[in-house]
Amino acid sequence: MFGNPVYLVGLLFASIALLIFLINWRTKLHPFLALLVVSLLTALAAGEHLVDIPETLIEGAGGTLGETGVVVALGAMLGRLLADSGAVRRIADLVVEHSSPKTAPWIMTAVAFVVGIPMFFEVGLVVLMPVIYSVAVRLEKLHDRPKMWYLRILIPAIAALSCLHGMVPPHPGPLIAVDGLNADTGLTILLGLVCAVPTVILAGPVYARFIAPLVRLEPSSTLVEQYTGTSPDAPEAGASGDAGSGGGSGGGARSERPAGEAGSGRSGGQAPDSQASAEQGAVAVRDEEERKARKVPTWMAFVCVLVPVALMLVHAVVVIIAPDSPAESVAEAIGNPVVAMLIGVIFAAITLGTAARMNGEQIRTSFGSSLGSVAGVILIIAGGGAFNEVLKDSGIGDAMVSATSHLHMNLIVLGWLIGIILSFATGSATVGIVSATGIVAPLITDESSMFVSLIVIAIGSGSIGLNWVNHAGFWFVKESFGMTLGQATKTHMTVQTLVSVFGLCFALLLSLFA
Numbered sequence: 067m068f069g070n071p072v073y074l075v076g077l078l079f080a081s082i083a084l085l086i087f088l089i090n091w092r093t094k095l096h097p098f099l100a101l102l103v104v105s106l107l108t109a110l111a112a113g114e115h116l117v118d119i120p121e122t123l124i125e126g127a128g129g130t131l132g133e134t135g136v137v138v139a140l141g142a143m144l145g146r147l148l149a150d151s152g153a154v155r156r157i158a159d160l161v162v163e164h165s166s167p168k169t170a171p172w173i174m175t176a177v178a179f180v181v182g183i184p185m186f187f188e189v190g191l192v193v194l195m196p197v198i199y200s201v202a203v204r205l206e207k208l209h210d211r212p213k214m215w216y217l218r219i220l221i222p223a224i225a226a227l228s229c230l231h232g233m234v235p236p237h238p239g240p241l242i243a244v245d246g247l248n249a250d251t252g253l254t255i256l257l258g259l260v261c262a263v264p265t266v267i268l269a270g271p272v273y274a275r276f277i278a279p280l281v282r283l284e285p286s287s288t289l290v291e292q293y294t295g296t297s298p299d300a301p302e303a304g305a306s307g308d309a310g311s312g313g314g315s316g317g318g319a320r321s322e323r324p325a326g327e328a329g330s331g332r333s334g335g336q337a338p339d340s341q342a343s344a345e346q347g348a349v350a351v352r353d354e355e356e357r358k359a360r361k362v363p364t365w366m367a368f369v370c371v372l373v374p375v376a377l378m379l380v381h382a383v384v385v386i387i388a389p390d391s392p393a394e395s396v397a398e399a400i401g402n403p404v405v406a407m408l409i410g411v412i413f414a415a416i417t418l419g420t421a422a423r424m425n426g427e428q429i430r431t432s433f434g435s436s437l438g439s440v441a442g443v444i445l446i447i448a449g450g451g452a453f454n455e456v457l458k459d460s461g462i463g464d465a466m467v468s469a470t471s472h473l474h475m476n477l478i479v480l481g482w483l484i485g486i487i488l489s490f491a492t493g494s495a496t497v498g499i500v501s502a503t504g505i506v507a508p509l510i511t512d513e514s515s516m517f518v519s520l521i522v523i524a525i526g527s528g529s530i531g532l533n534w535v536n537h538a539g540f541w542f543v544k545e546s547f548g549m550t551l552g553q554a555t556k557t558h559m560t561v562q563t564l565v566s567v568f569g570l571c572f573a574l575l576l577s578l579f580a
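Residues in the sequence shown are numbered from 67 upward in steps of one, following this note's numbering.
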């Protein structure tokens with residue numbers, strides 16, 4: 067019974083249903099605990115030996131933390147330093163000053179598209195998160211709208227980062243498919259970008275405009291302060307004037323300021339003297355923000371954000387243009403996400419610390435204060451990794467392959483279908499891509515180079531879709547923005563599924579010319 071494909075597929079859906087039930091039931095079980103409980107029960111139901119289950123859970127959680135946990139921690143440090151030094155304030159000022167509410171999501175789309183070329187989805191989002199928060203908070207204050215700007219800015223970033231991560235080399239998933247199908251790398255990159263541009267537009271700013279008014283997202287003040295360095299309730303300096311003069315939440319406020327200043331924009335229940343004192347404190351905080359922001363040049367702020375991007379891009383370029391050369395080893399070392407983020411943090415500490423005149427104690431305080439709010443996120447990512455490992459070891463992936471490999475259909479559609487099913491079943495885009503590539507490769511006979519490259523793009527597109535509760539990225543986005551499970555489903559999962567479907571559609575459209 068344990069090896070029956072029908073039973074394993076049913077077990078997959080039952081485990082996901084149980085996970086949703088545990089998280090949303092009256093107990094509101096913490097997602098980390100819910101993931102571990104479901105992982106354990108799924109392993110037992112799949113027939114895994116009892117003595118092997120702990121090793122499976124540890125391997126899944128540890129492997130995921132080894133890949134993403136350190137990067138998330140370093141990204142949190144970099145993000146907090148960018149905020150405390152006033153660097154994010156400079157970037158947010160530039161975005162707001164040169165855009166209107168209508169164009170800000172498009173500018174964020176372009177920024178995320180550039181950042182997403184060499185960066186993994188999670189890494190790119192970590193780097194962009196301070197800017198997303200800062201721009202959204204400032205637009206909320208300047209335009210006095212309902213809580214919709216977080217999604218108007220976040221969704222384009224998710225669409226761009228996920229699209230490039232799944233569809234365009236030099237990301238590892240597409241490169242696996244390129245190698246397995248003997249596709250032309252340069253042609254695949256070109257066609258991938260052609261498909262990616264309209265896909266990101268439709269799944270990003272266009273979808274954001276539709277869904278943002280329907281989902282009221284309000285991240286906690288702790289999260290806002292973590293990524294912007296100031297309270298969301300702090301008044302916007304010069305709010306009655308132009309956008310450029312505002313003292314938004316783009317960074318600079320020190321985390322050790324008195325707690326009373328966090329709510330200084332509200333007067334309810336305060337005595338006149340205490341209210342005046344709080345307002346004076348808020349003014350002092352904004353003055354400190356502006357002082358630091360003026361000392362950090364805008365170009366330096368962008369450089370500090372892009373240092374990890376550039377290092378990973380160097381690695382990607384060397385792999386493409388000079389494989390197996392001596393330079394590849396060096397590029398591979400400095401382009402590793404952990405090393406690139408570490409170099410970025412050190413570089414930012416030196417340059418921003420000097421420009422903002424932050425001493426060593428202040429920089430250390432900034433780094434230390436960044437870790438508390440991401441500890442829960444890291445644990446949830448580990449729980450997702452344990453769940454993924456159980457699903458893979460249980461044979462569910464093989465069951466899904468056997469259920470789809472005999473289908474006779476267009477190879478582009480077949481590759482996409484297997485990719486999305488396996489990615490959904492195992493919680494791993496890489497598993498989806500590898501399995502789909504192995505199934506489709508023997509079926510390719512005399513197809514043109516262009517058609518083979520489009521199969522690569524379709525497989526990568528499939529691996530992006532249905533990114534739900536068994537994906538670590540889903541939980542990362544959910545917890546980083548304080549979403550409910552329903553909000554994360556309507557935003558993160560839906561956006562990535564739209565990217566997947568649109569990617570397939572544009573690959574099929576281009577195949578008419580292959």
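Glycine residues also receive a C-beta, built at the ideal position from the N, C-alpha and C atoms.
Opening and closing residue of the alpha helix (DSSP H) in which residue i lies
| i | result |
| --- | --- |
| residue 539 | 538-546 |
| residue 122 | 119-130 |
| residue 415 | 403-421 |
| residue 215 | 215-233 |
| residue 98 | 97-111 |
| residue 552 | 551-554 |
| residue 262 | 251-267 |
| residue 390 | Element bounds for residue 390: n/a, residue is neither H nor E. |
| residue 276 | 273-277 |
| residue 523 | 515-530 |
| residue 183 | Looking at the DSSP string, residue 183 is not in any alpha helix (DSSP H), and its letter there is neither H nor E. |
Chain-order list of residues whose beta-carbon lies under 6 Å from that of residue i (same chain, five-residue window excluded)
| i | result |
| --- | --- |
| residue 384 | 393, 394, 397 |
| residue 135 | 444 |
| residue 218 | 171, 274, 278 |
| residue 286 | 548 |
| residue 206 | 215 |
7 Å Cβ shell around residue i - same chain, five flanking residues per side excluded
| i | result |
| --- | --- |
| residue 223 | 174, 178, 191, 194, 198 |
| residue 413 | 370, 373 |
| residue 97 | 89, 446, 449, 541 |
| residue 415 | 147, 429 |
From the options, residue whose alpha carbon lies closest to that of residue i
| i | options | result |
| --- | --- | --- |
| residue 106 | 218, 543, 456 | 456 |
| residue 368 | 264, 180, 74 | 180 |
| residue 226 | 268, 250, 214, 253 | 268 |
| residue 169 | 380, 270, 527 | 270 |
| residue 183 | 263, 131, 203, 138 | 263 |
| residue 166 | 201, 196, 125, 154 | 201 |
| residue 138 | 576, 543, 560, 567 | 543 |
| residue 278 | 531, 530, 554, 215 | 215 |
| residue 125 | 453, 218, 153 | 453 |
| residue 444 | 244, 99, 484, 366 | 99 |
| residue 75 | 85, 281, 465 | 465 |
| residue 566 | 549, 524, 220, 553 | 524 |
| residue 419 | 153, 114, 70 | 153 |
Residue j beta carbon less than 8 Å from that of residue i
| i | j | result |
| --- | --- | --- |
| residue 574 | residue 478 | yes |
| residue 147 | residue 407 | no |
| residue 274 | residue 403 | no |
| residue 151 | residue 422 | yes |
| residue 249 | residue 501 | no |
| residue 538 | residue 232 | no |
| residue 235 | residue 254 | yes |
| residue 526 | residue 506 | no |
| residue 95 | residue 521 | no |
| residue 498 | residue 510 | no |
| residue 489 | residue 436 | no |
| residue 104 | residue 81 | yes |
| residue 85 | residue 101 | yes |
| residue 562 | residue 533 | yes |
| residue 221 | residue 557 | yes |
| residue 283 | residue 547 | yes |
| residue 378 | residue 410 | no |
Neighbour-count burial assignment, residue i, 16 or more Cβ in a 10 Å radius
| i | result |
| --- | --- |
| residue 515 | exposed |
| residue 142 | buried |
| residue 159 | buried |
| residue 83 | exposed |
| residue 72 | exposed |
| residue 568 | buried |
| residue 118 | exposed |
Close Cβ partners of residue i (< 8 Å) along its chain, the five nearest in sequence each way excluded
| i | result |
| --- | --- |
| residue 128 | 448, 451 |
Check: residue i C-beta below 7 Å from any heavy atom of the ligand PLP
| i | result |
| --- | --- |
| residue 370 | Of ligands this structure carries none, so the ligand PLP is not represented either. |
Chain B contact for residue i (CB, 8 Å cutoff)
| i | result |
| --- | --- |
| residue 562 | No chain B appears in the structure shown, which is made up of a single protein chain. |
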